[in-house]
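Worksheet for the structure shown next.
2 protein chains.
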Amino acid sequence: MAHRKLDREQIIEQALKTLGKSNSFSDFSLRKVATDLQVDVSTLYWHFKNKQEILQAMAEAIIAQVKLPNQQLEWTVQLKQLFSNIFDIYEQYPLAAILMVETIPSSLVRLQLIDRTIAIMTNAGVDEQTAHIAATSIDFLLTGLVIDLMIENRFRQQITTQQDQNLAGHVKKIRELAQTHHLEHMQASIKMRNQFSAKQQFEKGLDLIIDGLKQHTH
Amino acid sequence: MAHRKLDREQIIEQALKTLGKSNSFSDFSLRKVATDLQVDVSTLYWHFKNKQEILQAMAEAIIAQVKLPNQQLEWTVQLKQLFSNIFDIYEQYPLAAILMVETIPSSLVRLQLIDRTIAIMTNAGVDEQTAHIAATSIDFLLTGLVIDLMIENRFRQQITTQQDQNLAGHVKKIRELAQTHHLEHMQASIKMRNQFSAKQQFEKGLDLIIDGLKQHTH
DNA sequence: ACCTGAACACCGTTCAAGT
DNA sequence: ACCTGAACACCGTTCAAGT
Numbered sequence: 001m002a003h004r005k006l007d008r009e010q011i012i013e014q015a016l017k018t019l020g021k022s023n024s025f026s027d028f029s030l031r032k033v034a035t036d037l038q039v040d041v042s043t044l045y046w047h048f049k050n051k052q053e054i055l056q057a058m059a060e061a062i063i064a065q066v067k068l069p070n071q072q073l074e075w076t077v078q079l080k081q082l083f084s085n086i087f088d089i090y091e092q093y094p095l096a097a098i099l100m101v102e103t104i105p106s107s108l109v110r111l112q113l114i115d116r117t118i119a120i121m122t123n124a125g126v127d128e129q130t131a132h133i134a135a136t137s138i139d140f141l142l143t144g145l146v147i148d149l150m151i152e153n154r155f156r157q158q159i160t161t162q163q164d165q166n167l168a169g170h171v172k173k174i175r176e177l178a179q180t181h182h183l184e185h186m187q188a189s190i191k192m193r194n195q196f197s198a199k200q201q202f203e204k205g206l207d208l209i210i211d212g213l214k215q216h217t218h
Numbered sequence: 001m002a003h004r005k006l007d008r009e010q011i012i013e014q015a016l017k018t019l020g021k022s023n024s025f026s027d028f029s030l031r032k033v034a035t036d037l038q039v040d041v042s043t044l045y046w047h048f049k050n051k052q053e054i055l056q057a058m059a060e061a062i063i064a065q066v067k068l069p070n071q072q073l074e075w076t077v078q079l080k081q082l083f084s085n086i087f088d089i090y091e092q093y094p095l096a097a098i099l100m101v102e103t104i105p106s107s108l109v110r111l112q113l114i115d116r117t118i119a120i121m122t123n124a125g126v127d128e129q130t131a132h133i134a135a136t137s138i139d140f141l142l143t144g145l146v147i148d149l150m151i152e153n154r155f156r157q158q159i160t161t162q163q164d165q166n167l168a169g170h171v172k173k174i175r176e177l178a179q180t181h182h183l184e185h186m187q188a189s190i191k192m193r194n195q196f197s198a199k200q201q202f203e204k205g206l207d208l209i210i211d212g213l214k215q216h217t218h
């Protein structure tokens with residue numbers, strides 16, 4: 001293709017689409033993005049310094065979509081709404097959570113988001129230190145659950161479509177070990193995972209942390 | 001080298017050492033493990049099916065080192081001791097946390113660990129559902145913090161040893177953005193990260209979740 | 001049974017060369 | 001200013017061949 005077509009925005013847009021098509025994060029490559037753009041890989045290196053910079057821009061584009069809750073609302077409602085929004089976006093871009101882990105939160109949008117999260121708590125009377133660790137905890141819980149969810153879905157796909165005996169073996173093994181070694185709580189956990197959606201589990205975890213926070217408010 | 005030397009145990013032992021020498025998880029490769037073992041890469045494929053299986057065995061070897069707390073102790077003490085032990089092991093093998101994320105917990109040792117964690121809570125009167133989500137939350141908080149810690153250390157190293165302007169730029173940018181956009185809580189967070197160790201932060205997060213759990217016990 | 005060597009299909013990154 | 005093509009140094013994985 002001739003020149004004078006591409007800009008950074010178009011590259012990031014396609015990169016997010018290409019990431020969406022990928023089965024895993026290691027499946028995602030700049031060469032595939034370039035192919036989808038009908039362009040040589042090396043072209044990307046004129047617009048971006050390296051892969052890390054592209055991932056950074058992708059993460060930024062995703063976080064920019066997060067809608068902040070109304071500040072008039074009660075603080076627990078604000079927290080729940082905010083992270084519910086983030087959860088929904090992560091579900092839309094299933095690999096976005098990994099993107100956040102792989103990337104440094106040095107963009108303004110991401111810093112503002114962290115700042116706002118802490119502000120919600122301190123405005124409710126929580127001390128700065130507790131608010132900081134609570135924000136971190138909620139963030140890790142969210143990304144952890146989404147990554148888990150994604151891995152599970154990938155496995156489910158691989159097992160059904162490609163009949164991957166290896167992965168099917170793992171799932172079977174977990175159930176069997178739980179039974180033969182009488183890991184009763186493990187068995188209950190497996191049931192729970194099937195009974196509640198990842199979002200419901202996240203909400204319960206968030207509630208738990210909020211319960212803890214309430215003891216630090218006054 | 002001639003044959004009749006290697007076994008799975010030796011490979012995993014060296015793999016953990018090679019992982020320890022790696023600056024990042026993507027830096028770690030089977031080819032490097034093979035070189036350290038003075039053996040051809042393809043040799044590893046006689047002992048293991050693929051890379052995933054090797055990672056799985058590595059994760060298992062690490063978790064096997066976790067010491068379980070005395071069951072006579074009070075439940076909050078048991079929880080704190082258990083996760084303090086896990087934290088210390090993760091600090092010893094800085095990339096172990098990523099290993100856990102990349103890997104399915106289908107080994108007996110890991111399942112037993114999860115089961116035991118939940119058991120500590122249910123024995124204290126916490127319902128099965130809350131105990132399950134709390135165990136998950138604590139686990140994600142721990143791995144999240146350790147991964148963060150590791151990334152930070154890697155950056156610090158790269159900045160000082162290789163004068164990586166790119167990474168130094170990120171750190172500087174965060175401070176600057178926090179100042180110019182008056183992200184006061186963000187500034188306080190940066191201070192706190194320097195003031196408290198990752199372990200101390202984890203302990204505070206754990207305390208928060210325990211505070212939440214106490215409301216579910218009776 | 002255990003290991004090697006070569007090959008394959010992938011990566012990210014660089015750089016001289018084109019328009 | 002923007003893009004290509006070829007090259008480089010890496011990957012994981014397979015497989016015929018050696019001992």
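Here the protein sequences come in this chain order: A and B. With the first letter of the first sequence counted as 1, position 53 gets the number 53 in full-length UniProt numbering; the numbers rise by one all the way through. With the first letter of the second sequence counted as 1, position 97 gets the number 97 in full-length UniProt numbering; the numbers rise by one all the way through. C-beta: ideal position from N, C-alpha, C; glycine also.
The beta carbon of leucine 95/A is closer than 6 Å to those of Leu19, Phe25 in its chain, skipping five residues each way along the sequence. Boundaries of the alpha helix (DSSP H) harbouring lysine 21/A: 8 to 21, taken from the DSSP string. When DSSP states are grouped into helix, strand and coil, glycine 169/A belongs to the helix group.
In this model, leucine 16/B and lysine 32/B are separated by some 11 Å (Cα to Cα). Straight across, the Cα-Cα distance linking alanine 97/B with asparagine 153/A is about 22 Å.
Pairing leucine 141/A with glutamate 102/A gives a Cβ-Cβ distance that is not under 8 Å.
DSSP places isoleucine 104/A in no alpha helix (DSSP H); its state is neither H nor E. Judged by their CB atoms, threonine 217/B and valine 77/B are not nearer to each other than the 8 Å cut-off. Within chain B, no C-beta atom comes nearer than 9 Å to that of isoleucine 86/A; the closest sits roughly 15 Å away. Secondary structure at leucine 37/B: coil, using DSSP grouped into helix, strand and coil. According to the DSSP assignment, glycine 212/B belongs to the alpha helix (DSSP H) that extends over 198 to 214. Note on the region 59 to 137 of chain B: there is no whole beta strand (DSSP E) run with a minimum of 3 residues. In this structure, leucine 206/A sits near lysine 80/A, with a CB-CB distance shorter than 8 Å.
Interface flag for aspartate 127/A against chain B is unset, since no Cβ pair is found closer than 8 Å.
Of all residues in the region 34 to 46 of chain B, none is placed with a Cβ closer than 9 Å to any Cβ belonging to chain A. Per the coordinates, the alpha-carbon of leucine 208/A lies some 20 Å from the alpha-carbon of glutamine 200/B. Close to lysine 32/B, with beta-carbon spacing below 7 Å, lies no residue of chain A; the smallest spacing is near 17 Å. Contact between isoleucine 104/B and histidine 170/A is confirmed by a C-beta separation of about 5 Å, below the 8 Å threshold. The beta carbon of valine 66/B sits closer than 7 Å to those of Asn85, Ile86, Ile89, Leu113, all from its chain and outside the five residues before and after it, given in chain order. Interface annotation, leucine 55/B: not in contact with chain A, CB-CB separation never under 8 Å.
Under the DSSP assignment, serine 189/B falls in the alpha helix (DSSP H) whose first and last residues are 184 to 195.
In this structure, the alpha-carbon of arginine 8/A lies about 8 Å from that of phenylalanine 48/A. Shown in chain order are the members of the region 100 to 115 of chain B whose Cβ falls below 7 Å from a Cβ of chain A: Val101, Ile104, Ser106, Leu108, Leu111, Gln112, Ile114, Asp115.
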